[in-house]
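Below is one structure; the comments refer to it alone.
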């Protein structure tokens, strides 16, 4: 490989597959590589250095739109040991780069355990986790990145390292929340949770109920038990067979969530039952892996763009602003305008955590829409701008990397002091700046 034999150039067969991103964002790197071993990652980094290229690492490409242009970069798409290894006694999973959540949650379930997965089973484990990792277990257990025990990397210098709290602790801190910092991640080890079953579900109402649903839900969140993590969405459901018939093609409002305590979950459902007649409502005990599909995110690649932020102190004025921006009278074509519930353990700084040791806000706001053609992309950008603008009076101080906008900066996500620390760590492990940072400096 030192001669470039496993490097895929734009004129080579397989280039389009190697640079394909889940969000269908067009990528045109100078070359690509899909290594299946750590040694191949080292050789790819060496080849990039010899050829005057930077290195961008990406697994599934769910956040490809957040990367800068890659015309002068080698895109590395690692696919290393993609079958997860579960240590049931220690409740630890070891997962290679390129693995998606579906295989992990199912492997863990064989041992009566659960993983702190994202809202789609096709999201890459490594990118999600090192970017923070916000799960349906978050309010009780915090961010997924702070359940990581060890991370295996190849640094910008081409060195192989296994980092943890006792070995290269500065890099370990940076990698837990700031993405693949100054290195290409090849594997991670993280804690699993002792849940064979959870209580979960979703309720859907006509969009006309948006004000009532959002007001009731916000009231509930102010004293909600930490065993429950939920989200609120105003949605435009596509008219496709994969969507259940009662909500297919509908403009609607939804609440979904997971409770690790059945009684707490049932108390939430009792609150929701009094709002209005739902189009569809399904709640109950379910196997833990079912939670990975509960949010209903698309599992196949879609041409979508999104925007997100943090919000705090939402009141009745915020309810009106949100509904005006995304509700039935707004003309919004967004697939979803969303608030994800934070608080609980997510808001408490983790003394042994990484750079993302907590989220100092009550909710993450997020919008996503289609971008199948220029007109659709322009409409989505307009709708996203209106939604984010409406929430500006309640905007938090920082952003969260997993949900950050393409134009977000390191300072916006982590603040000035942490950004300076991240820069120093980058200089130590990647002094030539070979690795493209996951967020703008």
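Numbering (my numbering), first residue to last: 3 to 443. By construction, the Cβ of each residue, glycine as well, lies at the ideal position given by its N, Cα and C atoms.
Within a Cβ cutoff of 6 Å, which residues of the same chain sit near residue 5, ignoring the five residues on either side of it in sequence? Its pLDDT being 44, under 50, residue 5 is placed unreliably in this model, and the value from its coordinates should be taken loosely. Non-local C-beta neighbours of residue 5 in its own chain, meaning closer than 6 Å and more than five positions away in sequence, are absent.
Whole-angstrom Cβ separation of residue 364 and residue 314, contact assumed at under 8 Å? Taking the Cβ atoms as the reference, residue 364 lies roughly 5 Å from residue 314, within the contact range of under 8 Å.
Taking contact to mean 3 or more Cβ pairs, one atom from each stretch, closer than 8 Å, check whether the stretch 172-181 and the stretch 73-81 are in contact. Using a C-beta cut-off of 8 Å, the stretch 172-181 makes no contact with the stretch 73-81, since fewer than three inter-stretch Cβ pairs fall below that distance.
Compare the beta carbon distance of residue 186 and residue 36 with 8 Å and say whether it is the shorter of the two. Not in contact: residue 186 and residue 36 (Cβ atoms no closer than 8 Å).
Specify, as a first and last residue, the run of the alpha helix (DSSP H) that residue 51 falls within. DSSP places residue 51 in the uninterrupted alpha helix (DSSP H) bounded by 40-52.
Evaluate contact between the stretch 115-122 and the stretch 185-203, counting only Cβ atoms and requiring at least three cross-stretch pairs below 8 Å. They touch, by the three-pair rule.
What would DSSP say about residue 408, mapped onto helix, strand or coil? Residue 408 carries a coil assignment under DSSP once its states are collapsed to helix, strand and coil.
Close-in-space but distant-in-sequence residues of the same chain around residue 83 (CB under 6 Å, 5 per side omitted): Cβ within range, chain order: 98.
Are there three or more Cβ pairs, one per stretch, closer than 8 Å when the stretch 103-115 is compared with the stretch 327-338? Segments in contact, no.
Does the Cβ of residue 343 have 16 or more other Cβ atoms within 10 Å, making it buried, or fewer, making it exposed? Buried, by the Cβ-count rule.
Report yes if the C-beta distance between residue 182 and residue 48 is below 8 Å; otherwise report no. The Cβ atoms of residue 182 and residue 48 do not sit closer than 8 Å to each other.
Would you report the Cα separation of residue 14 and residue 31, rounded to the nearest angstrom? In a straight line, the C-alpha of residue 14 is about 13 Å away from that of residue 31.
According to DSSP, is residue 3 part of a helix, a strand, or is it coil? Here the model assigns residue 3 a pLDDT of 40, short of 50, so the residue's position is not dependable and the matter cannot be decided.
Does DSSP put residue 266 in a helix, in a strand, or in coil? Residue 266: helix per DSSP, three-state reduction.
Stretch-stretch touch, CB-based, cutoff 8 Å, three pairs: the stretch 340-355 with the stretch 239-247: Segments in contact, no.
Identify whether residue 249 lies in helix, strand or coil by the three-state DSSP scheme. Correct three-state label for residue 249: helix.
Assign residue 374 to buried or exposed, taking buried as 16 or more other Cβ atoms, counted over all protein chains shown, within 10 Å of its Cβ. With fewer than 16 other Cβ atoms inside 10 Å of its own Cβ, residue 374 counts as exposed.
Which parts of the stretch 119-182 are runs of the beta strand (DSSP E), unbroken and 3 residues or longer, counting only runs that do not cross its ends? At a cut-off of 3 residues, the continuous stretches assigned as beta strand (DSSP E) that sit fully inside the stretch 119-182 are 150-157 and 162-165.
Should residue 258 go down as buried or exposed, given a rule of 16 or more other Cβ atoms within 10 Å for buried? Residue 258 is buried by the Cβ-count criterion.
Check this for me: beta carbons of residue 139 and residue 260, under 8 Å apart or not? Their beta carbons are under 8 Å apart, which means residue 139 touches residue 260 by this criterion.
Between the CA atoms of residue 255 and residue 287 - distance to the nearest angstrom: So the alpha carbons of these two residues sit roughly 23 Å apart.
Which one or two residues does DSSP pair with residue 230 in a beta bridge? Beta-bridge annotation (DSSP): residue 230 is paired with 261.
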